[in-house]
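Reading through the structure tokens given below for one structure.
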Amino acid sequence: MSDLRLDATQLDRYSRHVIMDEIGPEGQQRLLEGSVLVVGAGGLGSPAIQYLAAAGVGRLGIVDDDVVERSNLQRQIVHGDDDVGRPKVESAADYVDQLNPDIDVETHETRVTADTVAELVAAYDVVLDASDNFATRYLLNDHCVLTETPLFHGAIYRFEGQITSFTNDRSGDDSPPCYRCVFPEAPEPGTVPDCATTGVLGVLPGTVGCIQATEAVKYLLGKGDLLEGRLLMYDAMGMSFEEVPVQPNPACPVCGDDPEIESVSDVAYEGTCEISAD
């Protein structure tokens, strides 16, 4: 880490961090030198982007190829009514610029595909998965496992959410689990309806996205216990949290004892995200 160089404005802005023994000026400098790639600027990405920027994570990459629609505004809170029709990455970047001028925002108006994932991920310390489809989730998981890139996962459905963290650290004797250890294959297309069909409680992604951002901040600080090996289930209607232990799967095709996936080109990510037959 470079020499501490918080200026007077930064000492004021981040004063509630600086006075904490667990963070202090050294920890704040670590955040300012950190970088997070947020995949998706929608319901989950919106609160994550807000709080990562407010916390002083110095470089944020935002990936999304969609434009703002009025139906998004009930939950995608980095966008406003005047943004309808604009690319989400532009709207989100404008929000960050207004919130915290310390932050360098890099916009990627594209989809994460097997052809683009390597270049996108390589430029950042960690990845926050705020996507809304299984193909992207499995693609990010596989690439992050293969490159040992930390990945912070969140997903929502109607009134429920789930969050977990994958450090993908293979340096020790015990390998941590990955997304495929929990969910070996995606559901068949069409079996899980999206929020346009079933609806979603507007405040739900705020809770889930904030927890994802919390995990990313803790990782960059090197503090606290992450949700690695634990799947946190949130029921907004019952206002309850349940923690489910997650174990590594020795038969996992990407992180197991005899992995079949050596490259994201080995997998057909549309459909059930299965390994290609050839």
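Just so we're aligned: 206 in this note's numbering is position 164 of the sequence shown, and the numbers increase by one with no gaps anywhere. All residues carry an ideal CB built from backbone N, CA and C; glycine is no exception.
Using a Cβ distance threshold of 8 Å, GLY214 and ALA90 do not count as a contacting pair.
Residue SER217 holds the alpha-carbon nearest to the alpha-carbon of ASP300 among THR189, SER217, GLY264. Going by DSSP, ILE198 is part of the beta strand (DSSP E) stretching over 193–199.
Collapsing the DSSP output to three states places GLU68 in a helix. Taking the Cα positions, ALA172 is about 34 Å away from ALA50. Each of ARG101, ASN114, LEU141, VAL81 was checked against the Cα of ARG55, and the nearest Cα belongs to LEU141. Looking at the backbone, the Cα of PRO229 and that of VAL60 are separated by about 45 Å. For GLU285, the closest C-alpha among the options MET275, ASN291, CYS294 is that of MET275. Per DSSP, the unbroken alpha helix (DSSP H) holding GLU132 starts and ends at 130–141. Comparing alpha carbon positions, the residue from GLN71, LEU182, GLY84, THR240 closest to ILE145 is GLN71. Measuring C-alpha to C-alpha distances from ILE119 to each of GLU132, VAL147, ALA95, LEU86 identifies LEU86 as the nearest.
With a threshold of 16 other beta carbon atoms within 10 Å, LEU53 falls short and is exposed.
Inclusion of GLY196 and GLN116 in the CB contact set at 8 Å is not warranted, their separation being larger than that value. Less than 8 Å separates the beta-carbon of PRO192 from that of ASN210. DSSP, reduced to helix, strand and coil, places TYR311 outside both helices and strands of the structure shown, so it counts as coil.
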